[in-house]
Structure formats: structure tokens, C-alpha cells
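Novice: In the order they appear, the protein sequences are chains W and V. So the first sequence is residues 1245 to 1360, counted in this note's numbering. So the second sequence is residues 53 to 168, counted in this note's numbering. Backbone N, C-alpha and C define an ideal beta-carbon position, used for all residues, glycine too.
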Amino acid sequence: AQSVAQPEDQVNVAEGNPLTVKCTYSVSGNPYLFWYVQYPNRGLQFLLKYITGDNLVKGSYGFEAEFNKSQTSFHLKKPSALVSDSALYFCAVSVTNAGNNRKLIWGLGTSLAVNP
Amino acid sequence: GAGVSQTPSNKVTEKGKYVELRCDPISGHTALYWYRQSLGQGPEFLIYFQGTGAADDSGLPNDRFFAVRPEGSVSTLKIQRTERGDSAMYLCASSLGLGLGYNEQFFGPGTRLTVL
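Right, here's the structure in full:
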């Protein structure tokens, strides 16, 4: 079955330190991978995506993610965390269903807490 | 407006009642998605429209749930004979493209449905 896993329910980092939020996937074919962020009491916002090309993709708010095909991973990273980065982060992969339509499969989310 | 809007922001209803949730996508976005999100969970796919037609409704949990998009813009999610288990945040998203899966989705703020 096609799936996305976010192995950590919560990640805690100190402000100014680098952060990593992990994501692994299991899909057939070439994956389209996405990261979204959900701030408290706000809607989901797109951060970045990997479709093809360079394995390191850069997105909003200084975030980046590295696509690793051999490890089937798409970890989200930021060199220096801010308190304002504290939020819920979701990894998602676009898969093709039986009707040849694409839809997103979502991870369960990782709560990031950046401590001052 | 510039973003996806959803109304109402909150809906409280009694078990057995009928509810309608409205989504107004970004102008020009041909694809529209409905999701359901429970606390601490990732979005759960319900239905996807390409234009006026439902391209994939495989996520609708049962025949009490129905959605329409008659003019290819605004969409309404309809829930008949609501049950307490229907209580959740209902999210709407829109995107460009023909369902090819590589366009990011833009989310509305959601409708919080509570069934008493």
C-alpha cells in the first residue's frame, strides 16, 4: 500500500539550532512530494515540493528539503530555527489512483516546538 | 478575495440534522478538494473536483456525504443525518492544473463542525 510516514510525533529544538523533521514514503512510480505547515488556528500552508530535478529543494520561510530516492525520504530542514517556526508539519505524497487521477496521501504530522 | 474561503467557520448542529459547508476557491483554479481533519491527525481525503465533475469521490465515507460544484467554482459539501462521528474540521483546497498532481494546493481556514 502507498503510504507516508512521519516517525516523530514531536520535535523539540532550541532557537538558533538546526532542525530536521523526518518523512519517509512508500509509493509506486516517481513520487511528487510536498511539505505543508499548519500554524495554530490557521489553515494549512504550502512550504515546498519536489517534482523532479535537483534533490535539494528550497521553500518558504528558509525551509528546505532533500529528496533521497534510495532511502525513500524527504526530510524537512532549516539551518537555524525560530520560535515562530513552532507549528504542525505535514508531509504528503501525490499518488495515482485506479482512475488515473492524482491525489495526496498525508502523513500524521509532526509537532515542532522551538524553545527560546 | 485572494485566498480560499470557507463558510461558516463554525457549525454546531444536532444529531440527525442536515448541514451544508461552502467553499469558494481561488479564482481560476480548476481543481478543488475536500478533506476532513480530526484533532492530531493529517487531512483525510474526501472528494476531488476537476471543473464541475467529481473526478474522485473515493474518500466519501458513506452515502450521507455528497458534494457539488455546479458551475466549476464554488463547491458545497452536504452531510445528511449527521452523526457525532462526523464532528471534525472540514478543509477545502484548490489548485491549478488538470489533476496532474504536481501543483500545490491552497487551503481555506476550514469549517469546524460539531454534532451534538
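Do S61 (chain V) and T163 (chain V) come within 8 Å of each other at the CB atom, strictly closer than that value?
Specialist: If you number the second sequence from 1, residue 163 (chain V) lands on position 111. If you number the second sequence from 1, residue 61 (chain V) lands on position 9. Yes, the Cβ-Cβ distance between T163 (chain V) and S61 (chain V) is below 8 Å.
Novice: Can you check whether the C-beta of K1293 (chain W) is within less than 8 Å of a C-beta belonging to chain V?
Specialist: Locating residue 1293 (chain W) in the first sequence gives position 49, counting from the first residue. Closer than 8 Å: yes.
Novice: So if I threshold CB-CB distances at 9 Å, which residues from the stretch 63-95 of chain V count as touching chain W?
Specialist: Here the close residues are Y85, Y87, Q89, G92, Q93, G94 and P95.
Novice: In chain W, what lies closer than 8 Å to E156 (chain V) by C-beta?
Specialist: As a working mapping, residue 156 (chain V) is identified with position 104 in the second sequence. Simply F1278, F1290 and K1293.
Novice: Distance cutoff 8 Å, beta carbons only. Does G105 (chain V) sit that close to anything in chain W?
Specialist: Stepping through the second sequence from its first residue, residue 105 (chain V) is reached at position 53. It does not; no Cβ of chain W falls within 8 Å.
Novice: Can you tell me where the beta strand (DSSP E) with R164 (chain V) in it begins and where it stops?
Specialist: Here residue 164 (chain V) corresponds to residue number 112 of the second sequence, with the count starting at 1. T163 to V167 is the span of the beta strand (DSSP E), which, as asked, contains R164 (chain V).
Novice: For S1247 (chain W), which residues of its own chain have a beta-carbon under 6 Å away from its beta-carbon, when the five flanking residues on both sides are left out?
Specialist: Position 3 of the first sequence holds residue 1247 (chain W). Correct list, in chain order: S1270.
Novice: Please work out which residues of its chain come closer than 7 Å, Cβ to Cβ, to L1364 (chain W), disregarding the five sequence neighbours upstream and downstream, and give them in chain order.
Specialist: Residue 1364 (chain W) lies beyond the stretch modelled for chain W, which goes from 1245 to 1360, so this question has no answer here.
Novice: Just checking: is the beta-carbon of Y100 (chain V) within a distance shorter than 8 Å of some beta-carbon in chain W?
Specialist: The sequence position of residue 100 (chain V) within the second sequence is 48, counting from 1. So yes, Y100 (chain V) belongs to the interface.
Novice: Tell me the residue span of the beta strand (DSSP E) that contains D108 (chain V).
Specialist: Mapped onto the second sequence, residue 108 (chain V) falls at position 56. D108 (chain V) -> beta strand (DSSP E) spans G105 to D108.
Novice: When the Cα atoms are used, what is the spatial distance from G55 (chain V) to Y85 (chain V)?
Specialist: As a first step, residue 55 (chain V) is located in the second sequence; it is residue number 3 there, counting from the start. As a first step, residue 85 (chain V) is located in the second sequence; it is residue number 33 there, counting from the start. Near 14 Å, if we compare the C-alpha coordinates of Y85 (chain V) and G55 (chain V).
Novice: Suppose you measure from the CA of Y1333 (chain W) to the CA of T104 (chain V); what does that come to, to the nearest Å?
Specialist: Working through the first sequence from its first residue, we reach residue 1333 (chain W) at position 89. Working through the second sequence from its first residue, we reach residue 104 (chain V) at position 52. C-alpha separation (whole angstroms): 31 Å.
Novice: Count the other CB atoms, across all protein chains shown, that sit within 10 Å of the CB of V1337 (chain W); report buried if there are 16 or more and exposed otherwise.
Specialist: Indexing the first sequence from 1 puts residue 1337 (chain W) at position 93. So V1337 (chain W) counts as buried.
Novice: How many whole angstroms separate the CB atoms of Q157 (chain V) and F1290 (chain W), which I take to be in contact at a CB cut-off of 8 Å?
Specialist: Counted from its first residue, the second sequence places residue 157 (chain V) at position 105. Counted from its first residue, the first sequence places residue 1290 (chain W) at position 46. About 7 Å; that satisfies the 8 Å criterion.
Novice: Would you report the Cα separation of G160 (chain V) and L143 (chain V), rounded to the nearest angstrom?
Specialist: Counted from its first residue, the second sequence places residue 160 (chain V) at position 108. Counted from its first residue, the second sequence places residue 143 (chain V) at position 91. In a straight line, the C-alpha of G160 (chain V) is about 6 Å away from that of L143 (chain V).
Novice: Please go through the stretch 98-156 of chain V and give each complete beta strand (DSSP E) segment of 3 or more residues, from N-terminal end onward.
Specialist: With a minimum length of 3 residues, the continuous beta strand (DSSP E) runs that stay inside the stretch 98-156 of chain V are 105-108, 117-120, 127-131 and 140-147.
Novice: Just reading off the beta strand (DSSP E) that K1302 (chain W) is part of, what are its end residues?
Specialist: Numbered from its first residue, the first sequence carries residue 1302 (chain W) at position 58. Start and end: L1300 to K1302.
Novice: List the residues of chain W that G162 (chain V) touches, going by C-beta distances under 7 Å, in chain order.
Specialist: Here residue 162 (chain V) is taken as the residue at index 110 of the second sequence, counted from 1. By Cβ distance, chain W contributes G1287.
Novice: Three Cβ pairs or more, each shorter than 8 Å: is that satisfied between the stretch 66-76 of chain V and the stretch 122-136 of chain V?
Specialist: Contact holds: three or more Cβ-Cβ distances are below 8 Å.
Novice: Under DSSP, the beta strand (DSSP E) around I1349 (chain W) begins and ends at which residues?
Specialist: Counting from 1 along the first sequence, the entry for residue 1349 (chain W) is found at position 105. Counting along the chain, the beta strand (DSSP E) containing I1349 (chain W) begins and ends at R1346 to W1350.
Novice: Output, in chain order, the set of chain W residues within a Cβ distance shorter than 8 Å of L143 (chain V).
Specialist: The residue labelled residue 143 (chain V) in the question sits at position 91 within the second sequence. Those are G1287 and L1288, listed as they occur along chain W.
Novice: Using DSSP with H/G/I as helix, E/B as strand and the rest coil, what is V1281 (chain W)?
Specialist: Translated into positions along the first sequence, residue 1281 (chain W) becomes position 37. Strand at V1281 (chain W).
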